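Enquirer: My numbering applies: residue 89 is where the sequence shown begins, and numbers increase by one. Beta carbons: idealized from backbone N, C-alpha and C, even for Gly. Remember, it's a predicted structure, so these values are computed and weren't measured experimentally. One structure, as structure tokens, below. Some questions next.
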Amino acid sequence: MTGANTRPLTIRLPARAVERLHEHANIVKGRPTAIARELILAGLINGHPREQAERTLSIERRLAAISQEMQSISQKSDEQSASLERLLAMFEALLQVLTGEHSKDNFHHE
Numbered sequence: 089m090t091g092a093n094t095r096p097l098t099i100r101l102p103a104r105a106v107e108r109l110h111e112h113a114n115i116v117k118g119r120p121t122a123i124a125r126e127l128i129l130a131g132l133i134n135g136h137p138r139e140q141a142e143r144t145l146s147i148e149r150r151l152a153a154i155s156q157e158m159q160s161i162s163q164k165s166d167e168q169s170a171s172l173e174r175l176l177a178m179f180e181a182l183l184q185v186l187t188g189e190h191s192k193d194n195f196h197h198e
């Protein structure tokens, strides 16, 4: 919905309507302006089945793209966490060697 085909629009709403937009945005973890835009677009469709279907497909495609991005971010986070754990283990081993704890442990095992 971004790009050359869109134009900004400013509207005034009663304070209670703005509060409800914020409440709804908090529930769906979105922004009030995005909620208002979706409500306006849904109202403009006004029961036209083809336009409703196109709008629904557009929303589904965006959700699928977001889901893929979230999976990718999750995978990268898991990889970074594993790398961090390996680095921490290496650092702890190095610290043991530098402080002489490693050689003390080996001496007691012999």
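Check whether the Cβ atoms of ARG143 and ILE133 sit closer than 8 Å, and answer yes or no.
Expert: The answer is yes: Cβ separation under 8 Å.
Enquirer: In terms of residue numbering, what span does the alpha helix (DSSP H) encompassing LYS164 cover?
Expert: Segment 137-187, the alpha helix (DSSP H) holding LYS164.
Enquirer: Do ILE123 and ALA113 have their CB atoms nearer than 8 Å?
Expert: Against a cut-off of 8 Å, the Cβ pair of ALA113 and ILE123 comes out as a contact.
Enquirer: Contact check, PRO120 vs HIS110 under 8 Å by CB: the rounded distance?
Expert: That belief holds up - the Cβ atoms of PRO120 and HIS110 are roughly 5 Å apart, short of 8 Å.
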